[in-house]
Structure formats: structure tokens, C-alpha cells
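Q: Here it is, the structure, as C-alpha cells.
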Amino acid sequence: IVSHRVDDPPGLSEDLRAESVFRLVPSAEGDVLAGTMGGLFRFSETEGQLEHIAYERSNPGAMGQGSVRDILAGEDGRWWIGMAGSGVSLLDRESGEFRHLRHSAEDPDSLSSDSVTVLLEDGPDHLWVGTRSAGLNRCRVGEWSCRRFSADGDDPGALGHPNVASLYRAADGAVWAATGGGLHRLERETDGRVSGFTRWTRDDGLLDDGLLAIEEDDDGSLWLSTRVGLSRFDPASGRIRNYVAESGLPVTHFNANASARDDRYLYFGSIDGLLGIPRGSAFAGREPSKVRITTIQRAAAGGRQQRVFWPEGELSVPYREVLTIRFASLDLSESAHEYAYRVQPDEPWTAIGSQRQLILHGLSPGRYAFQVRGRDVFGQWGQSEPLVLDVVPPWWMTESFRALVVLALILLALAIHFSRQAVLKRRSREIQRLSEKREQALEEKLGSEAELAVLTPRQKEILQLIAEGYSTREIADLLGVSIKTVEAHRANLMDRLDIRDVPGLVRLAIRSGLVSEYD
Numbered sequence: 087i088v089s090h091r092v093d094d095p096p097g098l099s100e101d102l103r104a105e106s107v108f109r110l111v112p113s114a115e116g117d118v119l120a121g122t123m124g125g126l127f128r129f130s131e132t133e134g135q136l137e138h139i140a141y142e143r144s145n146p147g148a149m150g151q152g153s154v155r156d157i158l159a160g161e162d163g164r165w166w167i168g169m170a171g172s173g174v175s176l177l178d179r180e181s182g183e184f185r186h187l188r189h190s191a192e193d194p195d196s197l198s199s200d201s202v203t204v205l206l207e208d209g210p211d212h213l214w215v216g217t218r219s220a221g222l223n224r225c226r227v228g229e230w231s232c233r234r235f236s237a238d239g240d241d242p243g244a245l246g247h248p249n250v251a252s253l254y255r256a257a258d259g260a261v262w263a264a265t266g267g268g269l270h271r272l273e274r275e276t277d278g279r280v281s282g283f284t285r286w287t288r289d290d291g292l293l294d295d296g297l298l299a300i301e302e303d304d305d306g307s308l309w310l311s312t313r314v315g316l317s318r319f320d321p322a323s324g325r326i327r328n329y330v331a332e333s334g335l336p337v338t339h340f341n342a343n344a345s346a347r348d349d350r351y352l353y354f355g356s357i358d359g360l361l362g363i364p365r366g367s368a369f370a371g372r373e374p375s376k377v378r379i380t381t382i383q384r385a386a387a388g389g390r391q392q393r394v395f396w397p398e399g400e401l402s403v404p405y406r407e408v409l410t411i412r413f414a415s416l417d418l419s420e421s422a423h424e425y426a427y428r429v430q431p432d433e434p435w436t437a438i439g440s441q442r443q444l445i446l447h448g449l450s451p452g453r454y455a456f457q458v459r460g461r462d463v464f465g466q467w468g469q470s471e472p473l474v475l476d477v478v479p480p481w482w483m484t485e486s487f488r489a490l491v492v493l494a495l496i497l498l499a500l501a502i503h504f505s506r507q508a509v510l511k512r513r514s515r516e517i518q519r520l521s522e523k524r525e526q527a528l529e530e531k532l533g534s535e536a537e538l539a540v541l542t543p544r545q546k547e548i549l550q551l552i553a554e555g556y557s558t559r560e561i562a563d564l565l566g567v568s569i570k571t572v573e574a575h576r577a578n579l580m581d582r583l584d585i586r587d588v589p590g591l592v593r594l595a596i597r598s599g600l601v602s603e604y605d
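Below you can see the structure in the form of C-alpha cells.
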């Protein structure tokens with residue numbers, strides 16, 4: 087290892103005295119390019135010269151302003167420089183001038199952001215550009231235009247986070263992205279067009295969602311660096327193995343896009359030094375730490391907690407009883423663990439953070455399979471054996487009581503129905519009786535009118551006076567006739583109307599309307 091320090095001979099490293107180096111890349115000419123906080127440095131080992139290429143305010147052909155986060159030194163001699171604040175600067179080696187490719191709010195085909203973090207060639211005609219907070223871009227390098235891939239955490243086929251820390255092309259040609267929202271694999275159609283992303287996150291077993299760099303091992307597995315350790319992921323099987331300080335990892339806080347490889351090792355840069363992993367290391371599996379339910383308590387008299395036991399993993403619980411369930415992840419680590427629970431196997435897990443107990447209440451009567459899972463210090467999820475909770479209903483919630491209630495409701499409905507039917511029948515009979523009475527009265531009235539139709543006006547007049555209660559003499563005086571004439575008319579009326587007595591004549595006069603019942 088050749089180190090260049092600030093105490094080297096003047097002129098060699100003086101410009102690097104206070105610079106943070108983000109990227110080291112060999113050029114096609116054999117030089118070493120260094121991306122730093124203060125711009126771009128080119129070191130020629132054969133000449134022993136260190137050239138500082140920096141931003142010049144008065145020179146539009148100079149490199150863009152800001153720190154250099156990534157460098158692509160193409161075989162054609164072009165240098166693509168990813169800047170943190172001024173987009174992408176492209177160096178034309180013949181002219182020595184830079185072309186600036188930046189974000190424009192008025193141009194949807196421009197870069198999504200000027201804060202560039204990583205670059206990756208995608209064939210001779212395209213360039214991938216990752217940004218700090220605006221997702222990913224696939225840019226056409228001829229007539230410069232970019233297709234943007236924005237973050238959408240709710241869409242599993244989209245980019246899961248706007249921060250892209252690293253891009254990597256695997257041996258099989260797959261392009262991988264390390265983001266603040268997990269690992270992404272670019273998916274393509276048969277014609278090569280990008281159709282979306284497949285995502286792996288912390289929920290799938292990764293150590294952390296904030297990934298920083300990617301390197302591929304000889305077996306096709308990917309090593310992923312984070313700020314809390316390393317994950318090793320096998321795309322073919324989906325297996326994941328995590329490495330942390332408790333695993334014996336000497337450094338755990340790694341830097342963004344700081345990785346490399348040679349014939350023997352995979353390298354990851356951290357704030358505590360450089361970590362080298364021998365290539366071809368066996369992908370040793372590891373079972374997740376077991377999770378156990380340690381105690382269950384129920385409320386007792388006086389507000390005390392009474393410990394209960396659950397032989398053979400089953401517990402009978404009276405309705406509305408409150409249970410306090412405690413559990414632990416058995417990895418023998420003092421670090422805080424994460425937990426989640428569910429009460430049925432087909433339900434999603436409910437996260438409860440680092441708390442190691444759960445107060446369970448409000449379950450409806452029935453049988454439940456309570457489980458808790460814990461994420462151990464190695465980032466793997468283990469889960470407890472199911473605890474069967476048989477929530478016993480009170481008598482008024484039992485199936486037999488509910489059946490009786492249903493039966494009672496049915497009987498009540500039938501009683502109401504039959505009662506209404508009886509009332510309707512009585513009303514129908516009453517209506518029929520009144521109708522018949524009206525018909526009878528009408529028939530009587532029509533019969534009376536028919537009987538009166540055969541009488542002479544004088545006979546009707548005498549019938550009316552008889553019905554009004556006048557005596558024979560009074561009728562004779564009123565009509566100016568003799569008593570015998572009145573008696574003869576009365577006899578004739580009774581004979582013609584087939585009525586035997588005077589009250590019968592009166593009733594006929596009332597029915598026919600000659601006189602009122604109260605006259």
C-alpha cells in the first residue's frame with residue numbers, strides 16, 4: 087500500500103491536506119482519479135504529479151461546482167463526474183472542457199436533481215444517475231435526455247426511497263440499486279425497457295433499509311453495507327445472513343458507495359477503516375434466535391396480578407379478562423429488540439417496537455392462535471410457538487342462548503303476525519257487516535220508494551199526516567173532507583201496501599223519507 091500523507095514532499099499532497107476523498111477510480115490512461123470535497127484530483131504515478139481540477143467561476147468550460155461524489159472513466163476517454171450540487175459534468179479530453187448536464191424545472195427530460203450520488207454505465211448509449219433525494223435517472227448520452235424514476239413507497243413495483251447511495255451491475259447483467267428504502271433490482275421487458283423494480287427491505291430480513299454499497303461474491307450473492315453492519319443476500323434463493331459486532335465484525339459503520347474488489351477480496355470502507363472479505367467465503371446459514379413467551383398474568387382481587395400457566399400451549403380465558411403477556415428474544419444480547427404480534431395466523435403482524443410485554447383485551451369469544459415474533463441482534467426474525475387462547479363467552483353470548491333469542495324473536499314475529507291477521511279479519515268482518523247493513527237499508531229504501539210509487543198524491547198526503555201523528559178528525563179538517571173519506575183512504579193504503587196496522591204505515595213513511603224518525 088502506498089499512502090500519501092500531508093507530510094509528503096511539498097507539491098504532491100498539499101492540495102489534499104483537508105480534503106475528504108469520496109471516490110477513487112483508475113482511468114484508461116493508468117492514472118488515478120480522486121473525487122473529493124474540493125473537486126477532482128488526477129494522480130499520475132509515472133510522473134509523480136497530482137493535478138487538481140476545480141470549479142472556476144469565470145470559466146464556463148470548467149468543472150461544475152461542489153464536491154465530487156462519483157466518477158466514471160470510460161474506455162473512450164470521457165470522464166463523467168457526478169457532483170453534489172451541480173449535476174453531471176462531462177469532460178471532453180480533446181478540448182479539456184466540461185459539458186454541464188443539470189436539472190431544469192422547465193424541462194421534464196432533464197435530471198431529477200443536481201445532487202448526484204452515483205453513476206453507472208448502461209451500455210454505450212445510456213447512463214444511470216442516482217441522486218441524494220430525487221430518485222434515479224436513466225439518461226441518453228447522445229442527445230441528452232433522462233427518464234426519471236421517482237420514489238413511491240406505496241407501490242411495490244416502484245423505487246422505494248428517493249436516496250440512491252450506490253448502483254451495481256452483477257455478473258449476470260442485473261442492475262442493483264442500494265437506497266434508503268432497501269435493495270432494488272431493475273426489471274426489464276424483453277425489448278430492454280425498464281418496467282419497474284423488485285424490492286427487498288428490512289421486513290424481508292435485511293439488516294437495515296439504509297443500504298450504502300454493493301459488491302458481488304463469487305457465488306452470485308451480494309454483500310450489502312449499512313451503518314450498522316453487513317448483509318449477505320442470495321438473489322437465487324432469497325437467503326439473507328447479517329453480520330454485526332456481535333458476529334465478530336470489526337467495523338460496522340460503513341460509508342456510502344465505498345466498496346471495491348480485486349482477485350482476492352471484497353472491500354468496504356467505513357469510518358473506522360477498511361474491511362476486506364475473502365472472496366468465495368461460504369454462505370453459512372444461521373437460524374434466527376428463538377422467541378419465547380415468558381409469563382402470562384391476569385388481574386386478581388385487589389388489583390393484583392396473578393400468574394397463570396398454559397399447559398400444552400392452550401389457555402382458557404373468560405370473556406373481557408385482561409391478560410398481560412411477556413416475551414423475549416433469546417439471543418443473549420443486551421441490545422434492544424423489535425417485536426410484533428398477531429392473534430391469528432392469517433393476520434398481518436402488528437409492530438410494537440421494543441416493548442417486551444403486551445396487554446391483551448377486548449377479544450371476542452372464540453379460539454385464537456397468539457404469536458409474537460422478535461428481530462434479534464443479527465437482523466433475523468424468529469417467532470414463538472402459537473399460544474391457543476380460548477375466549478369463553480358469558481351465558482348471554484353462547485350459541486344456545488343466541489339460538490333461544492333467535493327462536494323467541496321468530497315466535498314473537500309470528501305472534502305479531504297472527505295478531506295482525508286477527509285484527510285484519512275482525513276489521514274485514516265489520517266492514518262486511520256495515521256493507522251488508524248499507525245494502526239492506528238501500529234495498530229497504532228502494533222497496534219503500536217502489537211501494538210509494540203506486541200511491542196517488544192524496545194517499546201520500548194522508549200517509550204523511552198519519553205518520554206525523556194526526557188523528558182521523560184532524561186529517562179530515564186539514565184536508566176539508568169527511569172522516570169517512572179519511573178512513574176509506576187509510577183502509578185503501580193498508581190494503582194496497584199490505585200493511586195491517588197504523589204503526590206499519592208509520593214505519594213505511596219513515597223508511598221512504600216522507601217523515602223523519604223524530605217528527
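Number 145 in our numbering belongs to position 59 of the sequence shown; there are no gaps in the numbering. Note that the Cβ used here is the ideal one computed from N, Cα and C, for glycine as well. Keep in mind it's a predicted model, so treat the numbers as computed, not measured.
1. Which one or two residues does DSSP pair with T217 in a beta bridge?
2. Could you tell me the boundaries of the beta strand (DSSP E) in which P364 lies?
3. How is the beta strand (DSSP E) around V111 delimited, first residue to last?
4. Tell me whether the segment 158 to 170 and the segment 196 to 216 touch, counting them as touching only if at least three CB pairs, one residue from each stretch, are closer than 8 Å.
5. For a quick check, are the C-beta atoms of S311 and F340 less than 8 Å apart?
6. Please confirm whether I218 and S190 have their CB atoms less than 8 Å apart.
7. Does the Cβ-Cβ distance between R313 and R327 come in under 8 Å?
8. I need the boundaries of the beta strand (DSSP E) containing L222, first residue and last residue.
9. Could you tell me which of W165, F235, L187 sits nearest to S181, measuring between CA atoms?
10. Are the beta-carbon atoms belonging to L579 and Q550 less than 8 Å from one another?
11. Mind pulling the alpha helix (DSSP H) runs of 4 or more residues that sit fully within the segment 461 to 504?
12. Whose CA, out of V567, A574, L541, I569, lies closest to the CA of L594?
13. Comparing C-alpha positions only, which one of L473, D193, T132 sits nearest to E400?
14. Give the single residue among V215, S130, E133 whose Cα lies nearest to the Cα of I167.
15. Mind reading off the beta-carbon distance from I411 to L444? Whole number of angstroms is fine, and I expect it under 8 Å.
16. Suppose you measure from the CA of L532 to the CA of L565; what does that come to, to the nearest Å?
17. Quick one: Cα of G607 to Cα of R274, how far?
18. Looking at C-alpha atoms only, which residue of Y425, S421, E420, D305 is the closest neighbour of A370?
19. Hey, out of W262, L446, Y329, E547, whose CA is closest to L292's CA?
20. So H212 packs on R226, CB below 8 Å; how close in whole Å?
21. Could you name the residues of the same chain whose beta carbon sits closer than 8 Å to that of D462, not counting the 5 residues immediately before and after it, in chain order?
22. What span of residues does the beta strand (DSSP E) with A170 cover, start to end?
23. Pick helix, strand or coil for G590, following the three-state DSSP scheme.
24. Compute the beta-carbon to beta-carbon distance between A148 and F184, rounded to the nearest angstrom, for a pair I have assumed lies under 8 Å.
25. Kindly indicate the opening and closing residues of the alpha helix (DSSP H) around V572.
26. Check for me: the alpha helix (DSSP H) holding A562 runs from which residue to which?
27. Rounded to the nearest angstrom, what separates R513 and R524 at their Cα positions?
28. Let me make sure I understand the geometry here. Which of V458, F464, I438, P480 has the alpha-carbon closest to that of Q430?
29. Alpha helix (DSSP H) containing Q430: first to last residue?
30. Taking the beta carbon of M59 as the centre, do at least 16 other beta carbons fall within 10 Å, making it buried, or is it exposed?
31. Inspect the beta-carbon positions of G239 and G267 and report whether they are closer than 8 Å.
32. Whose C-alpha, out of D178, R143, S333, is nearest the C-alpha of S172?
33. Using CA coordinates, which residue listed in S236, G460, E433 is at the minimum distance from R378?
34. Which full runs of the beta strand (DSSP E) of 3+ residues lie inside the segment 237 to 313, going along the chain?
A: Quick answer:
1. In the DSSP assignment, T217 is bridged to V202.
2. Note, P364: beta strand (DSSP E), 359 to 364.
3. Run containing V111: 107 to 112, per the beta strand (DSSP E) assignment.
4. Enough Cβ pairs lie closer than 8 Å, so yes.
5. Yes, they are a contact pair.
6. Correcting the residue identity first, residue 218 is Arg in this sequence and not Ile. For R218 and S190, no; Cβs fall outside 8 Å.
7. Result no, Cβ atoms of R313 and R327 do not sit closer than 8 Å.
8. 222 to 226 is the extent of the beta strand (DSSP E) around L222.
9. It is W165 whose Cα lies nearest to the Cα of S181.
10. The Cβ-Cβ distance between L579 and Q550 does not fall below 8 Å.
11. Taking only runs of at least 4 residues, no alpha helix (DSSP H) segment lies wholly in the segment 461 to 504.
12. The option with the nearest alpha carbon to L594 is L541.
13. It is L473 whose Cα lies nearest to the Cα of E400.
14. For the residues V215, S130, E133, the minimum Cα distance to I167 belongs to V215.
15. At roughly 5 Å, the Cβ-Cβ gap stays under 8 Å, so I411 and L444 are in contact.
16. Reliability fails at L532, whose pLDDT of 48 lies under 50, so the model's placement of it is uncertain and the value that follows must be treated cautiously. Straight-line spacing of the CA atoms in L532 and L565 works out to 29 Å.
17. Nothing in the structure corresponds to residue 607, since the chain is present only between 87 and 605.
18. When each option's Cα is compared against that of A370, the closest is D305.
19. Answer by Cα proximity: Y329.
20. The beta-carbon distance between H212 and R226, rounded to whole angstroms, is 6 Å. This is short enough to meet the 8 Å contact definition.
21. Once the five neighbours on either side are set aside, the close Cβ partners of D462 are P374, S375, S415, D417, S419, H423, G468.
22. Start and end: 165 to 170.
23. Residue state, collapsed to three classes: helix.
24. So it is a contact: roughly 6 Å between Cβ atoms.
25. Where V572 is concerned, the enclosing alpha helix (DSSP H) stretches over 569 to 582.
26. Under the DSSP assignment, A562 falls in the alpha helix (DSSP H) whose first and last residues are 558 to 565.
27. Going from the Cα of R513 to the Cα of R524 covers about 16 Å.
28. In this structure, V458 is the residue among V458, F464, I438, P480 with its C-alpha nearest to the C-alpha of Q430.
29. Here Q430 belongs to no alpha helix (DSSP H), and DSSP marks it neither H nor E.
30. No answer is possible for residue 59: the residues shown for the chain start at 87 and end at 605.
31. It is a contact, given that the beta carbons lie within the stated cut-off.
32. Nearest to S172 by alpha-carbon distance, out of D178, R143, S333, is R143.
33. Answer by Cα proximity: G460.
34. For the segment 237 to 313, whole beta strand (DSSP E) runs of length 3 or above, ordered along the chain, are 250 to 255, 261 to 265, 268 to 274, 280 to 286, 299 to 302, 308 to 311.
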